[in-house]
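If you're matching positions, the sequence shown starts at 55 in my numbering and goes up one per residue.
For every residue, glycine included, the Cβ atom is placed at its ideal position computed from N, Cα and C.
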Amino acid sequence: MAPWASGDAPGVAVAVSLKDEIVFARGAGMANLEHSIPIAADSVFQVASVSKQFTAFAILLLASDGPIDLDEDIRTYVPEMPPTESIITVRHLLDHASGLRERNTLAGMAGWMADDIRTEAQMRALVRRQTDLNFEPGTEIEYSNTGYALLAEIVERVSGQTFSTFTEERMFKPLGMVQTRFPEIRNDVIPSRASSYYPSSGGFKNVVAVSETTGSTGHNTTALDHLKWAENFETQAV
Numbered sequence: 055m056a057p058w059a060s061g062d063a064p065g066v067a068v069a070v071s072l073k074d075e076i077v078f079a080r081g082a083g084m085a086n087l088e089h090s091i092p093i094a095a096d097s098v099f100q101v102a103s104v105s106k107q108f109t110a111f112a113i114l115l116l117a118s119d120g121p122i123d124l125d126e127d128i129r130t131y132v133p134e135m136p137p138t139e140s141i142i143t144v145r146h147l148l149d150h151a152s153g154l155r156e157r158n159t160l161a162g163m164a165g166w167m168a169d170d171i172r173t174e175a176q177m178r179a180l181v182r183r184q185t186d187l188n189f190e191p192g193t194e195i196e197y198s199n200t201g202y203a204l205l206a207e208i209v210e211r212v213s214g215q216t217f218s219t220f221t222e223e224r225m226f227k228p229l230g231m232v233q234t235r236f237p238e239i240r241n242d243v244i245p246s247r248a249s250s251y252y253p254s255s256g257g258f259k260n261v262v263a264v265s266e267t268t269g270s271t272g273h274n275t276t277a278l279d280h281l282k283w284a285e286n287f288e289t290q291a292v
């Protein structure tokens, strides 16, 4: 961890378990450069697209429960989506094979700057104004934030809960992931959260949280909580 151990740069948190026991847990570098707060093993990070596995898991829980059919037309669950020549299924969304256009690219084409506020309602409306697909569903693979944001919306429609509440009640609480959450509001106060930065000439600049998107991103967690998530693949407690 030596390369990350700095008092004037952002860093990392690392946690390792062996035979169900935590044998290493430490932070290196800074969680907040402006207040000189170091990263700890329990620092909370917004983990961007690592979020997608939790969204997929939530969908599969509801498929296991019965109310979601992976091979059903997505318009069964979100009828506001425009009709397409070929049916897009839930499985297509999971597999990045829907052909839906990338919403982040669409936002740039529509004139949004990188640091502009983007509400989820705005982004959903942008996607629903599309009249065509990039390719026929199931014929290609194209990484899709659009698909995973839509999966989170399907979870909300089917469960009758917010995506934050569903994932907390069905996944995070049962696994004891007490510092893990999908915030419902981008401005929520999250204790122990590390600030985000990007490298710039002469140092680093703040990353401003501007997106309300959840499902494709938005997951906040710690290295220690992620060990509990990893263990669940073996124990299948959830």
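Go ahead and pull the three-state DSSP assignment for residue i.
i      : result
ARG224 : helix
GLU364 : Only positions 55 to 292 of the chain appear in the structure, and residue 364 is not among them; the question remains open.
VAL70  : strand
ASN86  : strand
ALA164 : coil
GLN100 : strand
Ordered along the chain, which non-local residues of its own chain (more than five positions away) have a Cβ less than 7 Å from that of residue i?
i      : result
ALA206 : THR109, PHE217, THR268 and GLY269
GLU222 : ARG235
Please classify residue i: is it buried, with 16 or more other beta-carbons within 10 angstroms of its beta-carbon, or exposed?
i      : result
GLN107 : exposed
LEU72  : exposed
LYS259 : exposed
PHE78  : exposed
ALA248 : buried
SER213 : buried
PRO253 : exposed
ILE93  : buried
GLY257 : exposed
Hey, how far is the Cα of residue i from the Cα of residue j?
i      : j      : result
ARG172 : SER265 : 5 Å
GLN290 : SER255 : 46 Å
MET84  : PHE220 : 32 Å
GLN233 : ALA203 : 22 Å
LEU148 : LEU187 : 16 Å
ALA277 : PRO64  : 16 Å
Between residue i and residue j, which are expected to be in contact by the criterion C-beta below 8 Å, what is the C-beta distance as a whole number of angstroms?
i      : j      : result
ILE125 : THR143 : Per the sequence presented here, residue 125 reads as Asp, with Ile not at that position. Correct: roughly 5 Å between the Cβ atoms.
GLY230 : SER105 : Incorrect: roughly 19 Å between the Cβ atoms, too far for contact.
Leaving out five residues on either side along the sequence, give the residues of the same chain with a beta carbon under 6 Å from the beta carbon of residue i.
i      : result
LYS282 : LEU229, GLY230 and MET231
LEU116 : ILE122 and VAL212
ARG235 : ASN274
MET177 : ARG157
Using a Cβ cut-off of 8 Å (strictly closer), state whether residue i contacts chain C.
i      : result
GLU266 : In the structure shown, chain C does not exist; there is a single protein chain.
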